[in-house]
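A quick write-up on the structure given underneath.
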Amino acid sequence: MKLQKATLFALFAVLELARNPGRQMSAAEIAEVYGISVNHLAKVLRELGRAGLVEAVRGVGGGYRFSGNARRTSLYDVINLFGDIVTDASEMPGPSGETEIAQALGRVLNEVDEIAVATLKSISLATLLKPIDRQAARRMALSS
Amino acid sequence: MSETASALSPSKPAPRPVIRDAREDDMAEVRDIDARITGISKPEYWARTFSRFGGRTDRWFLVAEAGGRIAGFIIGETRAWEFGSPPCGWVFAIGVDPARRLGGIGTGLLEAITARMQAAGLATVRTMLARDDALNMAFFRSQGMMGGSFIQLEMPLGPEDDAEPGER
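As structure tokens, then:
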């Protein structure tokens, strides 16, 4: 599965901010961590703000912070904001036409897409972050 | 996962559940929890399941008991050498009283059954879910389970009009 740039940037940003909900980060700071375009990311952050997943903090030291519910927001919810996933079988990309071969291929591609959607819907931001935080805690314990 | 007022009420914390082996006299409550979750009452299934999985060494039927009531259950077994799979733990049912969700009961049940599986020498636990079972899918994911190395396949049984004789 290949995601569009905007979708991938949105996942980076929302997960980075959700990892530390009290922390504020500017678009430039997030862009630097992931080596991505700050202008493109700024547009993505505005979209995430409209969806209520992040909020802009104004003033000196301002930036963005996570304002969603990490346990109730799935990867699919974020991806779907950018229209990157098609769930309606009739809109699924794939062979079109009425031939038996096109229809048989379409069924296989639909199967793959349905599994991908079910997987993305089942993983919340908190679930994705949990093993990362656990690893970080383990590293800290080892280094102290 | 739906939340209920009673499950979230901070004023009256629910009693901490005790996870233990299921007993035959738990079956009425287990059956009731299952019926409330699935909408289907299956008394014969539960009687048969208890006789097959209750009180065995490589099969586990556990319940969470809190305040004298059954709050949830989990059932699993050891499966071995299915299409080359070394022995592994298999969880095929879990249910938590809908009014007691979000209280860590499912987590406690899964931890208890996987501890028993580990004690039995098993290194992997698997399960199989409906693709649209968002509640259980999110639960198992949150516990660290991921897509595994096996794929579930199925087909309708019965003659197909366009099937070649050799395909049946």
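Protein chains in written order, with numbering that gives the first Met the number 0: chain A, 0 to 143; chain B, 0 to 167. For glycine and all other residues, C-beta sits at the position ideal for the given N, C-alpha and C. Predicted model, so just to flag it, every value in this text is computed and none were measured.
Anyone know if the C-beta pair for residue i and residue j falls short of 8 Å?
i      : j      : result
B/F138 : B/G105 : yes
A/Q23  : A/G48  : no
A/L44  : A/V53  : yes
B/A21  : B/G53  : yes
A/V13  : A/L124 : yes
B/A118 : B/L61  : no
B/R130 : A/I114 : yes
B/I39  : B/W59  : no
B/R19  : B/E64  : yes
B/D57  : B/E81  : no
A/L118 : B/G146 : Just to set this straight, residue 118 of chain A is Thr in the shown sequence, not Leu. Yes. Within cutoff.
B/L121 : B/Q142 : no
B/A133 : A/S121 : yes
Who are the Cβ neighbours of residue i in its own chain at under 8 Å, not counting the five residues just before and after it?
i      : result
B/G128 : Before going on, a small fix: residue 128 of chain B reads as Leu here, not Gly. Here the set comprises N135, M136 and F139.
A/M91  : Residue confidence for A/M91 is low, a pLDDT of 49 falling below 50, so the modelled location carries little weight; the figure read from the coordinates is stated next. Answer for A/M91: V85, G105, L108, N109 and D112, listed in chain order.
A/L10  : L2, L74, V77 and I78
B/A114 : none
A/G0   : Inspection of the sequence shows that residue 0 of chain A is occupied by Met rather than by Gly. Excluding sequence neighbours, A/M0 sits near A115.
A/D132 : R18
B/E23  : F49 and G53
B/E153 : none
B/R51  : R58
Go ahead and label residue i buried or exposed: buried means 16 or more other beta carbons lie within 10 angstroms of its beta carbon, across all protein chains shown.
i      : result
B/W89  : buried
B/A4   : Confidence is the limiting factor: at B/A4 the pLDDT is only 35, short of 50, which leaves the residue's position unreliable, though a coordinate-based value still follows. Looking at its Cβ environment, which holds fewer than 16 other Cβ atoms inside 10 Å, B/A4 is exposed.
B/D96  : buried
B/M116 : buried
B/D25  : buried
A/R57  : exposed
A/R138 : exposed
B/L156 : exposed
B/S1   : Only weak support is given to the placement of B/S1: the predicted model assigns it a pLDDT of 33, under 50, and the question is left unresolved by the model.
Keeping to the same chain, check which residues put their C-beta closer than 7 Å to that of residue i; ignore five residues upstream and five downstream.
i      : result
B/Q151 : M127
A/A135 : none
A/K4   : H39
A/V37  : A26, A27 and A30
B/P42  : R30
A/A50  : L80
B/I36  : G94 and P97
B/R55  : none
A/T72  : L52, S123 and L124
Name, in chain order, the residues that DSSP records as bridge partners for residue i.
i      : result
A/M139 : Bridge partners of A/M139: none, in fact.
B/R130 : Answer is none; B/R130 lacks a bridge partner.
B/L61  : B/D20 and B/I73
A/M24  : A/Y63
B/W89  : B/E76 and B/R125
A/E54  : A/R64
B/G94  : B/F72
B/E81  : B/S84
A/S73  : A/S123
Just to confirm my understanding: we take residue i, look at its own chain, exclude 5 residues before and 5 after, and list those with CB closer than 6 Å. What are they?
i      : result
A/R18  : L128
A/L7   : none
A/A41  : A26
B/T123 : C87
A/E15  : I29
Could you check whether the Cβ of residue i sits closer than 7 Å to any heavy atom belonging to the ligand GDP?
i     : result
A/A30 : The model on display carries no ligand, and the ligand GDP is accordingly not part of it.
* To do: Inspect the CB distances between the stretch 57-76 of chain A and the stretch 96-105 of chain A and report whether three or more fall short of 8 Å.
  => No, the stretch 57-76 of chain A is not in contact with the stretch 96-105 of chain A.
* Would you call the stretch 122-136 of chain A and the stretch 12-32 of chain B touching, i.e. three or more CB-CB distances under 8 Å? -> These segments do not touch.
* the stretch 55-72 of chain B / the stretch 39-47 of chain B touching (three or more Cβ pairs under 8 Å) -> Below 8 Å, too few C-beta pairs join the stretch 55-72 of chain B and the stretch 39-47 of chain B to call them touching: fewer than three.
* To do: Would you check if there are 3 or more beta carbon pairs closer than 8 Å linking the stretch 24-36 of chain B to the stretch 75-91 of chain B?
  => The count of Cβ pairs closer than 8 Å, one atom from the stretch 24-36 of chain B and one from the stretch 75-91 of chain B, stays below three, leaving the stretches out of contact.
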